[in-house]
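Just so we're aligned: the sequence shown equals residues 723 to 923 in our numbering.
Every residue gets a Cβ at the ideal spot worked out from N, C-alpha and C, and that includes glycine.
What follows is a single structure, written as structure tokens, with notes after it.
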Amino acid sequence: MMNAASAEVHAPQKSTLDISDQRMTNQATATQDPYERRALLLHLGDVLETVFCLSQCADEYASIGDAVKGNDALAGFTLLGFVDASMAPRDFIRRASGAFFVWPKALLDETLNRPMLANTVKHDLFADNAKGWNAYAEERRRDVPWFGADLPDVAQSAAPAHEAESHEAKAEAAPDAKKPKRKAVAEQPSRYATWPWPDKS
Numbered sequence: 723m724m725n726a727a728s729a730e731v732h733a734p735q736k737s738t739l740d741i742s743d744q745r746m747t748n749q750a751t752a753t754q755d756p757y758e759r760r761a762l763l764l765h766l767g768d769v770l771e772t773v774f775c776l777s778q779c780a781d782e783y784a785s786i787g788d789a790v791k792g793n794d795a796l797a798g799f800t801l802l803g804f805v806d807a808s809m810a811p812r813d814f815i816r817r818a819s820g821a822f823f824v825w826p827k828a829l830l831d832e833t834l835n836r837p838m839l840a841n842t843v844k845h846d847l848f849a850d851n852a853k854g855w856n857a858y859a860e861e862r863r864r865d866v867p868w869f870g871a872d873l874p875d876v877a878q879s880a881a882p883a884h885e886a887e888s889h890e891a892k893a894e895a896a897p898d899a900k901k902p903k904r905k906a907v908a909e910q911p912s913r914y915a916t917w918p919w920p921d922k923s
């Protein structure tokens, strides 16, 4: 019969090599993080340029496919080749705005919300377009290997969260005669005040 002491001796333990490998993996992830943020930020800039250029001729074409064929200036924007070609230009502009408006703040968060960054794009621009989404995600993974991995089956838009924030802001701004006025509370420092730069104070 094995006693407790014997069980402890025979219990599997992580080797020093396993721990070292884990530390190296964590260090590699931390090293790549700034470059991945930069790649996503550059992509966001490309999206904004795409939206602007398309807005200049959006009323001239019935679909994205027609716009790309009829306007050489749009040929270089790969995103337009991934979305549904039958989508109306104005619809694309609206959807792209909804898909990417959360990115600037999200890319400044101390810890990236990886699923959310991809989820909003999949929901707003690639609903019922699995082929287009897969091609788009594959292009992103050239610079950001984890982009679009392990997403939920049902993608969610960022719009509901944005609407909730707006309602909360309005509720806070509306005066309430029933509640007594409270003394001003010292404002908390912004989470962006020092990150990613160290606090020099």
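Item	Value
Can you list, in chain order, the residues of its chain with a C-beta nearer than 7 Å to that of Ala789? Leave out the 5 residues immediately preceding and following it.	Leu776, Cys779, Tyr783, Leu796 and Pro811
Given a cut-off of 8 Å on the beta-carbon distance, is the pair Ala840 and Gly870 in contact?	yes
Assign Tyr757 to one of two classes, buried (16 or more other C-beta atoms within 10 Å of its C-beta) or exposed (fewer than that).	exposed
For Val866 versus Leu762, is the C-beta distance shorter than 8 Å?	yes
Can you tell me which of Asp813, Pro837, Ala859 and Leu873 puts its alpha carbon nearest to the alpha carbon of His765?	Ala859
Given Glu861, which residues of its chain have a CB within under 7 Å of its CB, disregarding the five upstream and five downstream residues?	Thr800
Taking the Cβ atom as the reference point for each residue, do Asp846 and Arg817 lie within a distance shorter than 8 Å?	yes
Smallest Cα separation from Thr772: which of Gln754, Ile815, Gly792 and Val824?	Ile815
For Phe822, which of helix, strand or coil comes out of DSSP?	helix
Whole angstroms is fine: what's the gap from Leu834's alpha carbon to Leu770's?	21 Å
How long is the line joining the alpha carbons of Ala852 and Asp768, rounded to whole angstroms?	22 Å
Alpha carbons only, please: which of Asp755, Gly798, Arg759 and Met838 is nearest the one belonging to Leu829?	Arg759
When you compare each of Gly787, Arg836, Ala821 and Arg863 to Ala849 by their alpha carbons, which one comes out closest?	Ala821
Just how far apart, CA to CA, sit Gly792 and Asp813?	18 Å
For Ala807, which residues from the same chain have a beta carbon less than 7 Å from its beta carbon, with the 5 sequence-adjacent residues on both sides left out?	Ser785, Ile786 and Gly787
Where Thr753 and Phe774 are concerned, what is the direct C-alpha to C-alpha distance, given to the nearest angstrom?	34 Å
Residues in the same chain with beta-carbon distance under 7 Å from Arg836, minus the five sequence neighbours each way, listed in chain order, please.	Trp868
Rounded to whole angstroms, what's the CA-CA distance from Asp831 to Arg863? Just pull it up for me.	21 Å
Tell me the rounded alpha-carbon separation between Ser819 and Pro874.	22 Å
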